[in-house]
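Working notes, beginning with the structure itself.
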Amino acid sequence: MSIDNAVKENNAESLLSDIAITAELADYSPVKGCMVIRPYGYAIWENIQRILDKMIKDTGHENAYFPLLVPESFLQKEAEHVEGFAPECAVVTHAGGKELSERYVIRPTSETIINHMFSKWINSYRKLNQWANVMRWEMRTRLFLRTSEFLWQEGHTCHATHEESKEEVIKMIHVYEDLLHNYLALPIHIGEKTESERFAGAVSTFSIEALMRDGKALQAGTSHDLGQNFAKAFDTTFTDSENKLVHVWQTSWGVSTRLIGAVIMGHHDEVGLILPPKIAPYQVVIIPILKKNLDNTKVLNQAKLFHKELTDLGLRVKLDDREQISQGIKFNEYEQKGVPLRLVIGERDLENGCVELHRRDIRSKEKDIQIAGLIERIVRLLDEIQSGLFTRALEYRKENTKIVKNIAELDSVLDSKSLGFARAMWNGDVELERILKEKFSASIRCMPLRPELPSDHPCIISGTVSPQNREILIAKAY
RNA sequence: CGGGACAUGGCUCAGCUUGGUAGAGCGCUUCGCUUGGGACGAAGAGGUCGCAGGUUCAAAUCCUGCUGUCCCGACCA
25 MSIDNAVKEN NAESLLSDIA ITAELADYSP VKGCMVIRPY GYAIWENIQR ILDKMIKDTG
85 HENAYFPLLV PESFLQKEAE HVEGFAPECA VVTHAGGKEL SERYVIRPTS ETIINHMFSK
145 WINSYRKLNQ WANVMRWEMR TRLFLRTSEF LWQEGHTCHA THEESKEEVI KMIHVYEDLL
205 HNYLALPIHI GEKTESERFA GAVSTFSIEA LMRDGKALQA GTSHDLGQNF AKAFDTTFTD
265 SENKLVHVWQ TSWGVSTRLI GAVIMGHHDE VGLILPPKIA PYQVVIIPIL KKNLDNTKVL
325 NQAKLFHKEL TDLGLRVKLD DREQISQGIK FNEYEQKGVP LRLVIGERDL ENGCVELHRR
385 DIRSKEKDIQ IAGLIERIVR LLDEIQSGLF TRALEYRKEN TKIVKNIAEL DSVLDSKSLG
445 FARAMWNGDV ELERILKEKF SASIRCMPLR PELPSDHPCI ISGTVSPQNR EILIAKAY
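Going by our numbering, the residue at position 225 of the first sequence is 249; the numbering climbs one at a time, nothing skipped.
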């Protein structure tokens with residue numbers, strides 16, 4: 025299916041792979057459920073990594089690396105953890121031509137092995153992060169949004185008190201909010217997961233939930249309060265101020281290459297991908313209009329000059345001076361790849377001292393832009409595109425968030441083409457989750473950290489008003 | 001894991017019903033002509049038809065199994 029058709033028919037599944045393949049972000053691998061991240065897609069990940077890595081270090085964490093293989097017995101030490109992850113673990117049983125005496129799982133996450141080390145190191149390291157790959161054997165996979173192997177960052181911290189660890193959980197979910205809002209241009213809701221959606225082994229899980237352009241919600245990152253569950257399982261202890269040996273309070277938090285999927289499904293149009301400038305591999309593409317068999321030196325020199333001036337400012341710029349490819353094809357290619365700005369310069373422009381600029385986000389084309397002041401204009405435009413994308417996504421979310429008082433009202437929200445979030449009050453009765461799942465194939469995405477409903481808003485399932493009720497966001501999700 | 005669809009040059013796909021020497025468009029190579037939004041003409045290269053079996057004188061085509069992708073469920077980040 026073409027991207028154009030996929031957008032019109034709101035065929036999100038096919039749209040995701042169409043965009044990812046066409047924009048050369050990824051390709052299918054010979055291994056089921058795995059993907060190859062191509063250079064253009066990996067460059068986006070590197071930009072995300074660079075930005076987030078600084079945030080993680082600025083909040084007092086150090087990077088380390090733990091091994092890919094985890095003894096299967098480690099996983100079994102925490103009852104809920106093994107129950108949650110065992111079904112999706114790949115297990116190494118043979119190596120060196122022999123059956124292993126101890127089986128190893130390929131890490132689905134690293135809480136267990138990190139705790140094993142924490143119990144030895146607790147006096148020296150308490151706040152670690154690692155950038156790694158993990159593997160979770162999935163039944164149904166989708167490029168970037170759910171692949172069997174994916175890249176992520178996982179932070180693991182130890183604290184003396186529960187108050188401290190709870191504070192860390194909230195602090196890091198706000199770091200993710202900063203990343204999504206200010207760099208990926210995706211508005212998110214922060215909230216706590218219900219018990220059924222909690223991380224296996226956590227006391228509580230907070231997530232950031234983004235709304236995709238097809239109206240489905242996407243969990244884009246999580247931060248867990250692990251309590252003392254893993255500390256007890258691995259006997260990770262420290263000596264407190266009263267000289268008593270006590271278990272530490274822990275957190276873990278992560279975001280993955282799913283974020284690239286969030287960008288794809290959060291920013292696109294009928295042409296293809298639209299990248300926020302702050303994470304775009306190329307923020308500007310310069311296309312000189314070249315004439316075959318003629319002297320293009322002047323045009324090329326000017327194009328190279330622009331390239332240097334923009335690069336010197338720290339911008340990421342691509343100069344496409346391939347002669348054998350017509351500009352029309354180049355225009356199309358960079359539009360599909362979501363490059364925020366296109367700068368076109370030809371001989372005619374040169375004579376008039378101007379250029380042509382094309383904005384990918386609103387697909388506007390301005391000719392006869394004076395070269396004087398151009399560089400400043402480009403810098404300003406990139407900022408406008410960045411904030412414009414966020415505003416557009418926020419508007420979209422506002423339009424697609426409905427307040428509901430009862431189950432019947434959900435019909436109009438979740439059964440319509442637009443989907444989106446439903447905001448409601450809930451008394452905690454798990455019956456609601458069953459109804460949502462069976463009747464609407466939807467779920468409680470989170471209990472938002474910043475509630476918006478008045479306290480007298482009735483519970484969606486009981487119809488009663490109570491101070492015990494909690495506000496929830498309901499949506500269909502990926 | 002259940003139901004459905006699909007798998008044919010680099011890409012998009014036709015051909016399969018009714019078995020008989022593999023096709024088109026795009027892309028690629030060369031030449032000519034063009035050149036500010038996917039130009040045109042001519043010549044040419046390129047495919048063990050997803051994999052493995054089976055039926056047949058003969059299989060892209062019929063049958064069986066497997067693998068992968070997509071869709072709908074279940075499950076999950």
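Cβ atoms here follow ideal geometry from the backbone N, Cα and C, with glycine treated the same way.
The C-beta of VAL129 has 16 or more other C-beta atoms within 10 Å across all chains shown, which makes the residue buried. Taking the Cα of ILE138 as reference, the smallest distance to any Cα among ASP202, ASP259, ARG366 is reached at ASP259.
Rounded to whole angstroms, the separation of the alpha carbons of ILE310 and GLN394 is 16 Å.
Membership of GLY65 in the alpha helix (DSSP H) is indicated by the continuous run 63–82.
Annotated three-state conformation of ILE349 is coil, per DSSP.
A straight line joining the alpha-carbon of ALA226 with that of ALA103 spans about 11 Å. Cβ contact annotation for HIS186 (same chain, cutoff 6 Å, sequence separation greater than five): TRP273, in chain order. Between SER276 and GLU400, the C-beta gap is not smaller than 7 Å, which leaves the two residues out of contact.
Inter-segment contact for the segment 228–244 and the segment 77–96 is absent: fewer than three beta-carbon pairs are separated by less than 8 Å. Ranking ALA448, ALA432, GLU419, PRO472 by CA distance to the CA of LYS463 puts ALA432 first. The segment 154–166 makes contact with the segment 98–115, as at least three CB pairs between them are under 8 Å. Ranked by how close their Cα comes to the Cα of ILE43, the residues GLU126, PRO312, ILE353, MET289 have MET289 in first place. Looking from the CA of HIS183, the closest CA among VAL60, LEU203, ILE146 belongs to ILE146.
In this structure, GLN73 and TRP155 form a Cβ contact; the two beta carbons are roughly 7 Å apart against a cut-off of 8 Å. Here DSSP, grouped into helix, strand and coil, assigns TYR207 to coil.
Comparing alpha-carbon positions, the option among ASP480, ARG170, GLU173 lying closest to GLN492 turns out to be ASP480. For PHE109, the enclosing alpha helix (DSSP H) covers residues 103–109. Assignment of TRP161 by DSSP, reduced to helix, strand and coil, places it in the coil class.
Contiguous alpha helix (DSSP H) elements confined to the segment 433–462 do not occur, taking only those with 4 or more residues. Around the beta carbon of ASN153, 16 or more other beta carbons lie within 10 angstroms, which makes this residue buried. The DSSP-derived three-state label of LYS151 is strand. Taking 4 residues as the minimum length, the alpha helix (DSSP H) runs contained wholly in the segment 250–289 are 253–258, in order along the chain. If you draw a 10 Å sphere on the C-beta of GLN307, you find 16 or more other C-beta atoms in it, and that means buried. Looking at the DSSP output, PRO95 shares a beta bridge with TYR128. Apart from the 5 residues on each side of it in sequence, ILE68 sits with its Cβ closer than 8 Å to the Cβ of LEU49, ILE284, VAL287, LEU299, ILE303, ALA304, PRO305 in its chain, given in chain order. Taking a contact to require three or more Cβ pairs closer than 8 Å, the segment 206–213 and the segment 406–422 qualify as touching. Annotated three-state conformation of GLN307 is coil, per DSSP. Contact annotation: TYR358 and ARG346 have beta-carbon atoms that are not nearer than 7 Å.
Separation of GLY397 and VAL403 (C-alpha to C-alpha, rounded to the nearest whole angstrom) is 10 Å. When the Cα atoms are used, LYS56 and THR171 turn out to be separated by approximately 9 Å.
Leaving aside the five residues that flank GLY412 on each side, the residues in its chain whose CB is nearer than 8 Å to its CB run, in chain order, ASP385, ILE386.
Note on the segment 161–233: whole alpha helix (DSSP H) runs with a minimum of 4 residues are 186–206, in chain order. Excluding its 5 nearest sequence neighbours in each direction, ARG340 has C-beta neighbours in its own chain below 6 Å: TYR306, GLN307, listed in chain order. Distance from the Cα of PRO312 is smallest, within the candidate group SER490, ILE349, THR246, GLU173, for ILE349.
Straight across, the Cα-Cα distance linking ALA88 with TYR66 is about 21 Å.
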